[in-house]
Amino acid sequence: MKKQISQISFVIITIILLFIIDPTAIKANPNDFDGNNISDLAVGVPYKNVGSTTDAGSVTVIYGVTGGLSGDGDEYWQQNYLDVSDAENYDYFGKVLAVGDFNGDEYYDLAVGVPYEDVGGNGQAGAVNIIYGNPVGGLDVAYNQYWNQNEVGVHGACELDDHFGSALAVGDFNGDGYDDLAIGIPEEDIETLVDAGAVQVLYGTTDGLSADGDEFWNDEGTAEAGDLYGSALAAGDFNMDGYDDLAIGIPSEDLGSIGNAGAVEILYGSGTGLIQRTLENDFWHQGRSGVADTEDANDFFGSSLSTGDFNGDGYSDLAVGVLYEDESGYADAGAVNVFYGSTTGITSDGCDFWHQDVGTIHSRIEADDRFGFALTSGNFDGDGHDDLAVGVPYEHWLDPDTGIVQVLYGTAEGLTDIDNQLWRQDITGIEGSEEADDRFGYALAAGDFNGDGYHDLAVGVPYEAIGSTEQAGAVNVIYGSENKLTADGDQIWYQGYEGLQGTPELGDRFGYALAAIVHPKDEISIYLPLVLNE
Numbered sequence: 445m446k447k448q449i450s451q452i453s454f455v456i457i458t459i460i461l462l463f464i465i466d467p468t469a470i471k472a473n474p475n476d477f478d479g480n481n482i483s484d485l486a487v488g489v490p491y492k493n494v495g496s497t498t499d500a501g502s503v504t505v506i507y508g509v510t511g512g513l514s515g516d517g518d519e520y521w522q523q524n525y526l527d528v529s530d531a532e533n534y535d536y537f538g539k540v541l542a543v544g545d546f547n548g549d550e551y552y553d554l555a556v557g558v559p560y561e562d563v564g565g566n567g568q569a570g571a572v573n574i575i576y577g578n579p580v581g582g583l584d585v586a587y588n589q590y591w592n593q594n595e596v597g598v599h600g601a602c603e604l605d606d607h608f609g610s611a612l613a614v615g616d617f618n619g620d621g622y623d624d625l626a627i628g629i630p631e632e633d634i635e636t637l638v639d640a641g642a643v644q645v646l647y648g649t650t651d652g653l654s655a656d657g658d659e660f661w662n663d664e665g666t667a668e669a670g671d672l673y674g675s676a677l678a679a680g681d682f683n684m685d686g687y688d689d690l691a692i693g694i695p696s697e698d699l700g701s702i703g704n705a706g707a708v709e710i711l712y713g714s715g716t717g718l719i720q721r722t723l724e725n726d727f728w729h730q731g732r733s734g735v736a737d738t739e740d741a742n743d744f745f746g747s748s749l750s751t752g753d754f755n756g757d758g759y760s761d762l763a764v765g766v767l768y769e770d771e772s773g774y775a776d777a778g779a780v781n782v783f784y785g786s787t788t789g790i791t792s793d794g795c796d797f798w799h800q801d802v803g804t805i806h807s808r809i810e811a812d813d814r815f816g817f818a819l820t821s822g823n824f825d826g827d828g829h830d831d832l833a834v835g836v837p838y839e840h841w842l843d844p845d846t847g848i849v850q851v852l853y854g855t856a857e858g859l860t861d862i863d864n865q866l867w868r869q870d871i872t873g874i875e876g877s878e879e880a881d882d883r884f885g886y887a888l889a890a891g892d893f894n895g896d897g898y899h900d901l902a903v904g905v906p907y908e909a910i911g912s913t914e915q916a917g918a919v920n921v922i923y924g925s926e927n928k929l930t931a932d933g934d935q936i937w938y939q940g941y942e943g944l945q946g947t948p949e950l951g952d953r954f955g956y957a958l959a960a961i962v963h964p965k966d967e968i969s970i971y972l973p974l975v976l977n978e
């Protein structure tokens, strides 16, 4: 024990000395694709035609610099550039995106879902491409990977309409320093149960993602046809034990006789990877004791998920979208349940229930708004509490489905509606014009795109017309500050603008999916083994 205390003291003294000599030493690791420690933004364009190949899909990467996102050095990716896979009609490459450091080199990598990829003659079986970052120029074709259920060592097998890659989440589930990738397969058949759904987990290594130790999860024992287990995924350390945990959306779960009420299952991380604890404790839904609101048919609780530390206590918290919640007499108005982390993991203690008829939340509740369609979290005002951005893309403002984004700010007590913000196009300083069917807020991502220490918000507007080109798509970027998100310096991005590669074309839907680095590896935790026998 004395030797262990001596080891701990040595490490602490070393860290203190490093910080005195160089205050940036603890935050010197690259936290993005190209190593300049400023977040970059990946933009999915899943309906992009590649040559004569219809809806093959592409991804644009916009790099962050001191002044914010810049079109200089942007990258354009499609499957013809990558090993094994090829651009084909209706692949929808880029419909889902996620970012993580899968090989531990401290340059982040990009996972691209291709849920409608045909594999081995199986139509729409689905696949995931991995593009690795490096210190010279950002993402690079070198060492790229192609994953599907026909790969050696991967559990299961490619089948018609599985849609492998429909959801993605990144976390270090076994605490080895390499990020791991959870992959949703919501229409996987479990024996005779059609579309029961499953989740595949690939673990990171020095060589990137590997099938060694691959895990295959489903709603074992309670799976039902049409559950769509794995439709949404999110990772966070809910019990602060140093291992990331995984939240799995099951939006079509029936609760007794209540069809499509929806649920979320939590798998907890450990030194050996994800584990399933007592299902009774880790299976969350409306109507459960302490959880706000009652379960209703066709609520689809768990359709969207996001994690963040909203009360700043060090435990990750979980936001759950209930897109088709009927509220205040309005059908499908939408709502968000928020659960807080604790030493035992996710708990119903102090959980929140948010919709557009709560307190001082701006805008008014209406039918078919789908509040919670998209969710992301970030610390937009730098106060140490994460904040929650809620996409409401079907909000009718001046015209149908123009869309808005609501932002709830974190405090020591959790999220609050005090000084909440509403963002939309046609607000002074926000680029772009509000038009019917723009669907502002369809996708969301947070990252520090100008390196000032405040998280910024990227908002997908995939149905935005560019000139006379309908549904070409765009992305608005709203920057954080000590005074919360501000329109100052707002940017709008679309293909061909400010040097971005590509040309806006009918139905491209640039901004359909977004990904950025929300919480980079700039806060180092040190774990020492307990050497009780020395």
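FYI, in the working numbering the residues of the sequence shown are 445 to 978.
Note that the Cβ used here is the ideal one computed from N, Cα and C, for glycine as well.
Given the structure is predicted, the values throughout are model-derived calculations rather than measurements.
Provide the residue(s) that pair with residue i in DSSP beta bridges, ordered along the chain.
| i | result |
| --- | --- |
| T860 | Y853 |
| I805 | DSSP output for I805 lists no bridge partner at all. |
| D553 | G544 |
| N578 | G582 |
| Y590 | N573 |
| L749 | V764 |
| A889 | A902 |
| Q865 | V851 |
Pull up the distance between the alpha-carbon of residue i and that of residue j, whole angstroms please.
| i | j | result |
| --- | --- | --- |
| H806 | G955 | 25 Å |
| V437 | S701 | Residue 437 lies beyond the stretch modelled for the chain, which goes from 445 to 978, so this question has no answer here. |
| V528 | A957 | 24 Å |
| Y774 | W591 | 42 Å |
| Q800 | F815 | 8 Å |
| V919 | I936 | 6 Å |
| Y886 | Y938 | 15 Å |
| S821 | D688 | 16 Å |
| S654 | F783 | 32 Å |
| D770 | L866 | 21 Å |
| D478 | L554 | 12 Å |
| E914 | K492 | 13 Å |
| K928 | G826 | 8 Å |
| E724 | Q568 | 34 Å |
| G982 | S514 | A query on residue 982 cannot be resolved here, the shown segment of the chain reaching from 445 to 978 and no further. |
| G512 | L901 | 12 Å |
| G758 | A613 | 20 Å |
| I968 | V543 | Residue placement at I968 cannot be trusted, given a pLDDT of 33 that sits under 50; what the coordinates show is reported in the next sentence. So the two alpha carbons sit approximately 19 Å from each other. |
| G734 | G508 | 42 Å |
| L583 | A811 | 42 Å |
| N480 | D671 | 43 Å |
| D698 | D663 | 12 Å |
| Y551 | A959 | 15 Å |
| S714 | D549 | 22 Å |
| G686 | T751 | 15 Å |
Taking only heavy atoms of the ligand ATP into account, decide whether any of them is closer than 6 Å to the Cβ of residue i.
| i | result |
| --- | --- |
| D861 | Only the bare structure without any ligand can be found here, which leaves the ligand ATP out of the picture. |
What residues in its chain sit with their C-beta under 8 Å from that of residue i, if we drop five residues either side in the sequence?
| i | result |
| --- | --- |
| E878 | W841, L842, D843, T846, R868, Q869, D870 and F884 |
| D656 | G597, Y647 and T649 |
| R732 | S792 |
| H829 | D753, F754, N755, G756, N823, Y853, G854, T855 and A856 |
| D932 | G873, Y923 and S925 |
| A736 | Q730, N781, C795, D796 and F797 |
| D813 | Y774, D776, A777, G778, Q800, V836, Y838, E839 and H840 |
| E668 | L637, A640, E697 and D698 |
For my contact list, residue i and residue j are in at a C-beta cut-off of 8 Å; report their separation, rounded to the angstrom.
| i | j | result |
| --- | --- | --- |
| D934 | G873 | 6 Å |
| F546 | G652 | 5 Å |
| L762 | F682 | 7 Å |
| V505 | D484 | 6 Å |
| I891 | V962 | The amino acid occupying residue 891 in the given sequence is Gly; Ile does not appear at that position. That belief holds up - the Cβ atoms of G891 and V962 are roughly 6 Å apart, short of 8 Å. |
| A707 | L690 | Incorrect: roughly 14 Å between the Cβ atoms, too far for contact. |
| F660 | H607 | In fact, because the Cβ distance is near 16 Å, the residues do not count as touching under 8 Å. |
| G746 | I710 | Not really, about 11 Å apart at Cβ, beyond 8 Å. |
| G538 | G488 | 3 Å |
| L404 | L819 | This structure gives no information on residue 404, because the portion of the chain shown stretches from 445 to 978. |
| F817 | G765 | 7 Å |
| C602 | Q593 | 5 Å |
| L526 | N573 | 5 Å |
Just to confirm my understanding: we take residue i, look at its own chain, exclude 5 residues before and 5 after, and list those with CB closer than 7 Å. What are they?
| i | result |
| --- | --- |
| N524 | V494, D530 and A531 |
| Y534 | T498, D499 and Y560 |
| E595 | A655 |
| Y520 | S502, T504, Q945 and G946 |
| G674 | A611, G628, I629, P630, G641, A642, V643 and I692 |
| S496 | none |
| T788 | N683 |
So, at 6 Å on beta carbons, what are the nonlocal neighbours of residue i in its own chain, with the 5 sequence-adjacent residues on each side left out?
| i | result |
| --- | --- |
| A916 | I910, P948 and D952 |
| D863 | none |
With a floor of 3 residues, list each beta strand (DSSP E) that falls wholly inside the region 625-680, ordered by position along the chain.
Within the region 625-680, the complete beta strand (DSSP E) segments of 3 residues or longer fall at 642-649, 652-661 and 676-680, listed in chain order.
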